[in-house]
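Going by our numbering, the residue at position 415 of the sequence shown is 459; the numbering climbs one at a time, nothing skipped. Cβ atoms here follow ideal geometry from the backbone N, Cα and C, with glycine treated the same way. Bear in mind that the values here come from a model prediction, so they are computed numbers and not experimental data. Structure record follows, encoded as structure tokens.
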Amino acid sequence: MRAIMRRGLSTAMAAVLVGGLAVACGDDDDKGGSDSGPVELTVDVFGEPGYDALYKQYEQSHPNVKIKQRKVSTLDEYKPRIQQWMATGSGAGDVVMLEEGILPLYMQQKAKFLDLFDYGGKDLEKNFLPWKWQAGVTPDGKQLIGLGTDVGPLAMCYRTDLFKKAGLPTDRAEVGKLWPTWDAFLSTGQKFQDKVPGTKWLDGPTAVFRATVLQNAGSGPGYSFFDKSENLVFDSNPAVKQAFDTSLKFETSKLTSDMSIFTPPWQTALKRDTFATLPCPSWMLGGIEEFSGPSGKGKWDVATTPGGSGYWGGSWLAVPKQTKHAKAAAELAEFLTSPEGQVGAFKAANVFPSSPQAAQDPAVAGAKSAYFNDAPIGQIFGQLVAAVKPVHLGPKNEDVRAAVENVLISVGQGRQKPDEAWTKSVDEAKKAAR
45 MRAIMRRGLS TAMAAVLVGG LAVACGDDDD KGGSDSGPVE LTVDVFGEPG YDALYKQYEQ
105 SHPNVKIKQR KVSTLDEYKP RIQQWMATGS GAGDVVMLEE GILPLYMQQK AKFLDLFDYG
165 GKDLEKNFLP WKWQAGVTPD GKQLIGLGTD VGPLAMCYRT DLFKKAGLPT DRAEVGKLWP
225 TWDAFLSTGQ KFQDKVPGTK WLDGPTAVFR ATVLQNAGSG PGYSFFDKSE NLVFDSNPAV
285 KQAFDTSLKF ETSKLTSDMS IFTPPWQTAL KRDTFATLPC PSWMLGGIEE FSGPSGKGKW
345 DVATTPGGSG YWGGSWLAVP KQTKHAKAAA ELAEFLTSPE GQVGAFKAAN VFPSSPQAAQ
405 DPAVAGAKSA YFNDAPIGQI FGQLVAAVKP VHLGPKNEDV RAAVENVLIS VGQGRQKPDE
465 AWTKSVDEAK KAAR
């Protein structure tokens, strides 16, 4: 998911990063064994969190510590691995990434994770947006499971060269005016495909569904597939039905390529003129740059998303009790999620900080992307994140989402009748929630 724009930290920032952070070279407490000798810490992540330079800086200031990162490309690859590790009680890294969709599941398994309140976490709340901090704390407020990494303020990425070919404006401010609503976005897409019939308007329904579910739920009840008592409300929540209907319109109008995001065909399509727009949280910019490659530089730009603000994605770092180096692992998680660490991750991979201090840093607030036509991404995403309204996600959220997205894609592929798609989705959601 999150891929690339690597840049090293400046010497000045490196000094800030290492100053004031606890040294993980002393003896650990009895909860995690002794760290008096060399310590190797494994960090499990998916996508590109932007940590490579941070690891090097940490190792320089902690010569007793060596860091190994295990990375897979997508959340779908990551989920079965961490599920196995946590179920068997072995195999997990010392620090693991928990994405927003799977965090609720592991909140139900809190006994398998360190309480980061016991490792200095009580002093860190000021470093995070209030809702991001609260999401890492168990509902009873007694245990800190995870420290927030990024948030995913939602924009719309678009191909300026294809817009020009269709006779549409290419300036990002004018482009944003084309689609104040998703209906306006659909109408613009129909006009686009009339002019450029060889290119689809969107990649597929999955990005639209994910974006609109969170938009609708944020401005509405504050939950999507499951209510705050963890009851499945898929078929009774207007926020979900509205998002489904919106996504279905794009499928029945033949405006998408019927692709699932992050799959190999989707990655290959980014190098071609397969589709012209893509709902893009901040971390998506790195993926577009990676898979579009050098030939895509200057062809992509960033505008506001239809329907107002929204978000998609974001993670937390947690420490499984499996670790043999509890104190050292907790300190590394604190380092990576510190305001300075989040600035470094943003510079490397466009992952927008969940730390207000980091978001206000000139390196973030003033950031522009040369790849995206010098778009002022710090300003764009900073304004969007300020309006984010968090949404409650249930433990089976990801299973339900994946099942429904498969139904939407099957409509575009002619395997599912549109007028039966909602009923089919309700059935699939109930199966997935069991």
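Inset, instruction - Classify residue 327 as helix, strand or coil using the three-state DSSP reduction. - result: DSSP, reduced to helix, strand and coil, places residue 327 outside both helices and strands of the structure shown, so it counts as coil.
Legend entry - Distance between residue 371 and residue 82 (C-alpha atoms, nearest Å): Cα-Cα distance, rounded: 14 Å.
Legend entry - For residue 562, the first and last residue of its enclosing beta strand (DSSP E): Given a span of 45 to 478 for the chain in the structure shown, any question on residue 562 remains unanswerable.
Legend entry - Residue interval of the beta strand (DSSP E) (run including residue 363): Neither: residue 363 is in no beta strand (DSSP E) and is coded neither H nor E.
Legend entry - First through last residue of the alpha helix (DSSP H) which encompasses residue 150: Counting along the chain, the alpha helix (DSSP H) containing residue 150 begins and ends at 147 to 151.
Inset, instruction - Only counting runs of 4 or more residues, tell me where the alpha helix (DSSP H) segments fall wholly within the region 267 to 325, in order along the chain. - result: Segments of the alpha helix (DSSP H) lying fully in the region 267 to 325: 282 to 296 and 308 to 313.
Legend entry - Beta-carbon proximity list for residue 455, same chain, < 6 Å, skipping 5 on both sides: Only 295, 462 and 465 meet the Cβ criterion.
Inset, instruction - Classify residue 416 as helix, strand or coil using the three-state DSSP reduction. - result: For residue 416, the three-state secondary structure derived from DSSP is coil.
Inset, instruction - Please name the residue, chosen from 275, 194 and 424, that lies closest to residue 479 on a Cα-to-Cα basis. - result: There is simply no residue 479 to check, as the chain begins at 45 and stops at 478 in what is shown.
Inset, instruction - Taking residue 157 as the reference, give the member of 168, 400 and 180 with the closest Cα. - result: Relative to residue 157, the option among 168, 400 and 180 whose CA is nearest is 180.
Inset, instruction - Work out the CA separation of residue 451 and residue 467 for me, nearest whole Å. - result: In a straight line, the C-alpha of residue 467 is about 10 Å away from that of residue 451.
Inset, instruction - Would you check if the distance between the CB atom of residue 428 and the CB atom of residue 222 is smaller than 8 Å? - result: For residue 428 and residue 222, no; Cβs fall outside 8 Å.
Legend entry - Where the beta strand (DSSP E) through residue 212 begins and ends: Note, residue 212: premise wrong, no beta strand (DSSP E); not H, not E.
Legend entry - Any 3 or more C-beta pairs closer than 8 Å across the region 398 to 418 and the region 120 to 137: Note that the region 398 to 418 does not touch the region 120 to 137; fewer than 3 beta-carbon pairs, one per stretch, sit closer than 8 Å.
Inset, instruction - Could you pull out every residue in the same chain whose Cβ sits closer than 8 Å to the Cβ of residue 458, ignoring the five residues on either side in sequence? - result: Within the same chain, no residue comes within 8 Å of residue 458 by CB-CB distance, once the 5 residues on both sides are set aside.
Legend entry - Every unbroken beta strand (DSSP E) within the region 345 to 428, with a cutoff of 3 residues, ordered by chain: Listed in chain order, they are 355 to 362.
Inset, instruction - Quick one: which unbroken alpha helix (DSSP H) runs of 4-plus residues sit fully inside the region 226 to 275? Chain order, please. - result: Entirely contained in the region 226 to 275, the alpha helix (DSSP H) runs reaching 4 residues are, in chain order, 226 to 239 and 249 to 263.
Legend entry - Simplified DSSP state of residue 335, which is helix, strand or coil: It is helical.
Legend entry - Short Cβ contact (8 Å threshold) for residue 255 with residue 356: Yes; because the gap between Cβ atoms is below 8 Å, this pair is in contact.
Legend entry - Residue closest to residue 139, alpha-carbon to alpha-carbon, out of 285, 444, 391 and 374: Among 285, 444, 391 and 374, the Cα nearest to that of residue 139 belongs to 374.
Legend entry - Identity of the residue in 92, 449, 338 and 175 nearest residue 190 by Cα: Nearest in C-alpha terms to residue 190, of all of 92, 449, 338 and 175, is 175.
Legend entry - Euclidean distance between Cα positions of residue 424 and residue 164: If I take the Cα positions, the gap works out to 33 Å.
Legend entry - Helix, strand or coil at residue 224 [DSSP, three-state]: Here residue 224 sits in coil by DSSP.
Inset, instruction - Name the two residues that bound the continuous beta strand (DSSP E) containing residue 192. - result: 190 to 203 is the extent of the beta strand (DSSP E) around residue 192.
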